Amino acid sequence: MNITVFGTGYVGLVTGASLADVGHNVLCMDVDVAKIESLKKGIVTIHEPGLDVVVQRCFEDGTLNFSSSTEEAVAHGELIFIAVGTPPDEDGSADLQYVLQVAANIGRNMQDYKVIVNKSTVPVGTADKVKAAVAAELEARSSPLEFDVCSNPEFLKEGSALEDFNKGARIVVGTDSDRVVNIMRVCYGPYIRNHDKLMFMDVRAAELTKYAANAMLATKISFMNEMSQLAERLGVDIEQVRKGIGSDPRIGYQFIYPGCGYGGSCFPKDVKALAQTARTVGYVPELLDAVENVNTRQKGSMFEKLSKHFNGDLNGKTIALWGLSFKPDTDDMREAPSRDLMEALWAAGAKIQAFDPVASKECRRIYGDRPDLVLCEQRNDAVSGADALAICTEWKAFRFVDLKWLKSELKNPVIVDGRNLYSPADTKEFGFKYYAIGRSD
Ligand code: UGA
9 MNITVFGTGY VGLVTGASLA DVGHNVLCMD VDVAKIESLK KGIVTIHEPG
59 LDVVVQRCFE DGTLNFSSST EEAVAHGELI FIAVGTPPDE DGSADLQYVL
109 QVAANIGRNM QDYKVIVNKS TVPVGTADKV KAAVAAELEA RSSPLEFDVC
159 SNPEFLKEGS ALEDFNKGAR IVVGTDSDRV VNIMRVCYGP YIRNHDKLMF
209 MDVRAAELTK YAANAMLATK ISFMNEMSQL AERLGVDIEQ VRKGIGSDPR
259 IGYQFIYPGC GYGGSCFPKD VKALAQTART VGYVPELLDA VENVNTRQKG
309 SMFEKLSKHF NGDLNGKTIA LWGLSFKPDT DDMREAPSRD LMEALWAAGA
359 KIQAFDPVAS KECRRIYGDR PDLVLCEQRN DAVSGADALA ICTEWKAFRF
409 VDLKWLKSEL KNPVIVDGRN LYSPADTKEF GFKYYAIGRS D
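So that you can map any letter, position 47 of the sequence shown is 55 in this note's numbering, and since no number is skipped, the others follow by simple counting.
Following this line, the structure appears as structure tokens:
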């Protein structure tokens with residue numbers, strides 16, 4: 009089927025490439041002409057495992073094409089996905105201007121029936137706004153053309169997006185139209201042959217499902233982070249508690265890893281936006297606010313540990329930092345805990361020697377050239393001569409370390425581990441002061 013995807017960011021490109029990979033005829037549109045030109049050359053600038061291979065293969069096969077022409081994009085798809093950004097406003101609510109611009113462009117250019125699909129994470133009620141924006145343009149043209157708007161939120165995780173798209177737990181579609189149900193069944197047909205995981209529901213329920221899912225996962229993390237703070241103070245090892253509670257299937261092992269706080273483009277933004285939505289309907293979101301506050305405090309805990317170790321004097325110290333991205337397998341540093349740590353260290357007069365397998369370029373783009381930031385090519389270079397090692401991301405490359413070697417490289421045997429990678433007993437044996445999350449050494 010002919011499908012158009014507006015927006016070649018993370019969600020748009022994964023959606024477009026995945027649907028092309030199962031044989032649909034997909035056109036991905038972006039207003040960024042340079043991006044479209046490089047995609048046509050097979051260059052994918054997002055770091056997502058396997059995405060470049062699928063994009064290149066589908067482009068060569070002819071199932072995936074790229075365009076920066078709105079007219080061409082609207083004409084192409086019977087099904088049009090809107091997957092453009094919804095950056096947070098100053099008050100944390102989602103800014104819908106790009107979504108509504110696309111909606112208006114569709115209304116201005118469409119010549120036949122369209123199903124317009126909201127794929128971006130958008131607040132409850134956005135489908136109605138998209139509908140109104142399209143209708144206003146059609147009315148201005150005195151056009152009687154029909155269209156439907158539905159909500160089809162995505163549940164991809166960065167780093168495993170293709171796998172999640174292909175094998176996700178469910179495909180949620182919010183619609184009140186049988187015509188849309190039939191079209192979405194064709195679109196997702198290749199994914200539901202063995203197991204029908206398409207879930208149809210009300211439009212607003214689908215919109216809220218997306219936020220509720222992310223808010224629930226963020227709640228699990230903040231809950232565990234709060235437990236880790238208690239564990240530290242009570243002399244308990246949170247890792248034992250994690251195993252103890254995760255074994256209960258009602259709780260489960262997933263998303264209960266304590267750490268230096270959740271980051272990324274989704275959880276922080278979505279928890280804030282949902283809390284903002286709650287306020288607009290006259291409800292004070294106590295739990296969502298707490299989830300956010302616990303996370304902010306947790307992000308500060310790495311610095312607190314370092315500062316406490318050095319008796320509040322980090323001025324002139326060099327801190328080695330392993331891991332810049334908000335999680336492994338991505339170069340995304342949006343809301344990454346490493347940023348809170350770096351900014352606090354700089355404010356305290358410390359210098360950073362950082363290593364990340366892929367995010368150094370992104371770090372340079374964000375912070376520019378500065379004398380108190382050295383970006384190293386190798387993880388080993390980052391620790392050389394440093395006063396302490398801090399770990400913010402659980403990249404595979406950090407999972408094993410020769411502690412004897414590490415001790416010989418560092419000026420002081422100090423590790424502040426935001427991802428609980430090492431054994432407190434081993435680090436103690438080698439004479440380290442090891443500060444992990446929710447574990448006392
Ligand atoms: C998240 C959701 O997991 C996806 O289902 C959703 O589609 C996506 O947001 C979105 O809304 O687009 P993502 O932000 O890519 O995906 O990353 P996650 O793997 O969920 O990790 C988010 C943060 O939580 C990371 O900083 C990670 O380190 C942290 N985390 C995760 C923990 O601290 N502990 C855990 O147990 C799990």
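Glycine residues also receive a C-beta, built at the ideal position from the N, C-alpha and C atoms. Model, not experiment: these values are computed from the prediction.
Counted within 10 angstroms of its Cβ, other Cβ atoms place Glu437 as buried (16 or more) or exposed = exposed
Name the two residues that bound the continuous beta strand (DSSP E) containing Ala398.
-> Ala396 to Ile399
Buried or exposed for Tyr291, please, with buried defined as at least 16 other CB atoms from any protein chain shown within 10 angstroms of its CB.
-> exposed
Determine contact between the region 341-348 and the region 376-396, defined as no fewer than three beta-carbon pairs at a distance below 8 angstroms.
-> No: fewer than three Cβ pairs fall under 8 angstroms.
In this structure, does DSSP put Tyr443 in helix, strand or coil?
-> strand
Between the region 399-407 and the region 228-245, do at least 3 Cβ pairs fall closer than 8 angstroms?
-> no
Starting from Cys384, trace the beta strand (DSSP E) both ways and give me its first and last residue.
-> Where Cys384 is concerned, there is no enclosing beta strand (DSSP E), given that its DSSP letter is neither H nor E.
Whose C-beta lies closer than 6 angstroms to the C-beta of Lys48 among residues of the same chain, with five residues either side of it excluded?
-> Around Lys48: Phe74.
How would you call Asp339, buried or exposed, if buried means at least 16 neighbouring beta carbons within 10 angstroms?
-> buried
Less than 8 angstroms between the CB of Asp172 and some heavy atom of the ligand UGA, yes or no?
-> Within the cutoff, so yes.
Go through the region 170-227 residue by residue and report every complete run of the beta strand (DSSP E) that reaches 3 residues or more, in order.
-> 179-182 and 206-209
Could you tell me which residues DSSP puts in a beta bridge with Pro96?
-> Ala102
Apart from the five residues on each side of it in sequence, which residues of its chain come closer than 7 angstroms, Cβ to Cβ, to Gly260?
-> Cβ within range, chain order: Gly254.
Which listed residue (Pro57, Ala352, Gly133 and Trp330) has its alpha carbon closest to that of Pro365 = Trp330
When the Cα of Gly50 is compared with those of Val41, Asp60, Val194 and Ala42, which residue comes out closest?
-> Selected option, being the one with the closest Cα: Asp60.
Please report the residue range of the beta strand (DSSP E) in which Asn126 lies.
-> Lys122 to Asn126
Whole-Å CB distance - Ile90 paired with Ser128, under 8 angstroms assumed | Taking the Cβ atoms as the reference, Ile90 lies roughly 6 angstroms from Ser128, within the contact range of under 8 angstroms.
Which term fits Thr183, buried or exposed, when burial requires 16 or more other beta carbons within 10 angstroms of its beta carbon?
-> buried
Could you check if Pro257 is buried or exposed, using at least 16 other CB atoms within 10 Å of its CB as the buried criterion?
-> Exposed, because fewer than 16 other Cβ atoms sit within 10 Å of the Cβ of Pro257.
Output yes or no for whether 9 angstroms exceeds the beta carbon distance between Val82 and Thr23.
-> no
Which of the three DSSP states, helix, strand or coil, is assigned to Asn301?
-> helix
Do you know how far the Cα of Met350 is from the Cα of Tyr375?
-> 10 angstroms
Please report the Cβ distance between Val157 and Ser230, rounded to the nearest whole angstrom; I am assuming they are in contact, meaning their Cβ atoms lie under 8 angstroms.
-> Incorrect: roughly 34 angstroms between the Cβ atoms, too far for contact.
For Phe275, count neighbouring C-beta atoms within 10 Å of its own C-beta (all shown protein chains included) and say buried if the count is 16 or more, exposed if not.
-> buried
Bridge-paired residues (DSSP) for Trp413 = For Trp413, which the question treats as bridged, DSSP gives no partner whatsoever.
Residue interval of the beta strand (DSSP E) (run including Thr12) = Asn10 to Phe14
Bridge partner(s) assigned by DSSP for Cys36 = Val13 and Phe74
DSSP bridge partner residues for Phe89 (one or two, in chain order) = In the DSSP output, where bridge partners are listed per residue, Phe89 has Val13 and Val125.
How many Å lie between Lys280 and Gly439 at the Cα?
-> 42 angstroms
Could you check what DSSP says for Cys158 in three-state terms: helix, strand or coil?
-> strand
Hey, would you say Ala135 sits closer than 9 angstroms to Val211, going by beta carbons?
-> For Ala135 and Val211, yes; Cβs fall inside 9 angstroms.
Residues near Val391 in its chain [Cβ-Cβ closer than 7 angstroms; skip 5 each side] = Non-local beta-carbon contacts of Val391 in its own chain, meaning distances under 7 angstroms to residues more than five positions away in sequence, involve Ala328, Leu397, Leu414, Glu417 and Leu418 in chain order.
For Val110, which option in Asp99, Gly93 and Leu206 has the closest C-alpha, if you only look at C-alpha atoms?
-> For Val110, the closest alpha carbon among the candidates Asp99, Gly93 and Leu206 is that of Gly93.
Answer with buried or exposed for Thr435, where buried requires no fewer than 16 other C-beta atoms within 10 angstroms of its C-beta.
-> That one is buried.
Same chain only: Cβ atoms within 7 angstroms of Lys251, ignoring 5 sequence neighbours per side | Residues of the same chain with their beta carbon placed closer than 7 angstroms to that of Lys251 are lacking, with the five preceding and five following residues left out of the count.
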